[in-house]
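Asks: So the sequence shown is residues 707 to 815, counted in this note's numbering.
Sharing a structure here in structure tokens format.
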Amino acid sequence: MLFGRVVGSVWSTVKHPAMTGCRMLVVQPLTPELQNTGKRLICTDSTGAGAGELVYWVRGKEASFPFHPAEPPVDATIVGIVDEVHVQRTLPAPAKPPAPVHRKTSRKS
């Protein structure tokens, strides 16, 4: 599943008959930190999401599953509306200090 924000809607007077009644929304993919990533795309909507809402969506064959038993020819569908986002990133491990360099020393007696 992928994360995104609904930024618009698509109106179509002519579409595949299996898509009759399917809403289509424009989604901006996001990172977990809510930063834009990638190009906007059009997703069918199985949840009733609205403009500005955070959603998660799927791609591929799974995109038609919410519309079962119909199998509309879609490749991206919104499958959930996000209520809250909690991101806890682990900090990268601190870099190990360089190993000490042992130099041969000459002793004068």
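Backbone N, C-alpha and C fix where the C-beta goes; we use that ideal spot for every residue, glycine too.
Taking the alpha carbon of Met730 as the reference point, which residue from Thr743, Lys721, Val716 and Leu736 has its own alpha carbon closest?
Replies: Mapped onto the sequence shown, residue 730 falls at position 24. Closest by alpha carbon: Val716.
Asks: From which residue to which residue does the beta strand (DSSP E) around Gln734 run?
Replies: What you label residue 734 is simply residue 28 of the sequence shown in a count that begins at 1. Arg729 to Pro735 is the extent of the beta strand (DSSP E) around Gln734.
Asks: Return the Cβ separation of Ala755 and Val764 in integer angstroms, given the expectation that the two are a contact with Cβ distance under 8 Å.
Replies: Here residue 755 is taken as the residue at index 49 of the sequence shown, counted from 1. Here residue 764 is taken as the residue at index 58 of the sequence shown, counted from 1. Not a contact, Cβ separation roughly 14 Å.
Asks: Cβ of Val712 within 8 Å of Cβ of Glu777?
Replies: Reading the sequence shown from its first residue, position 6 is the one you call residue 712. Reading the sequence shown from its first residue, position 71 is the one you call residue 777. No, they are not a contact pair.
Asks: Assuming Val793 contacts Met707 (C-beta within less than 8 Å), just tell me the rounded distance between them.
Replies: Counting from 1 along the sequence shown, the entry for residue 793 is found at position 87. Counting from 1 along the sequence shown, the entry for residue 707 is found at position 1. Val793 to Met707, Cβ: 16 Å. No contact.
Asks: CA-CA distance, Pro775 and Ala801?
Replies: For the purposes of this step, residue 775 is identified with residue 69 of the sequence shown, where counting begins at 1. For the purposes of this step, residue 801 is identified with residue 95 of the sequence shown, where counting begins at 1. So the alpha carbons of these two residues sit roughly 54 Å apart.
Asks: Using the Cβ count rule (16 or more neighbours within 10 Å means buried), how would you classify Ala782?
Replies: In the sequence shown, residue 782 corresponds to position 76, counting from 1. The residue in question, Ala782, is buried, as its Cβ has 16 or more Cβ neighbours within 10 Å.
Asks: Considering just the uninterrupted stretch of the beta strand (DSSP E) at Trp763, what are its terminal residues?
Replies: Position 57 of the sequence shown holds residue 763. From DSSP, the beta strand (DSSP E) with Trp763 extends over Leu760 to Arg765.
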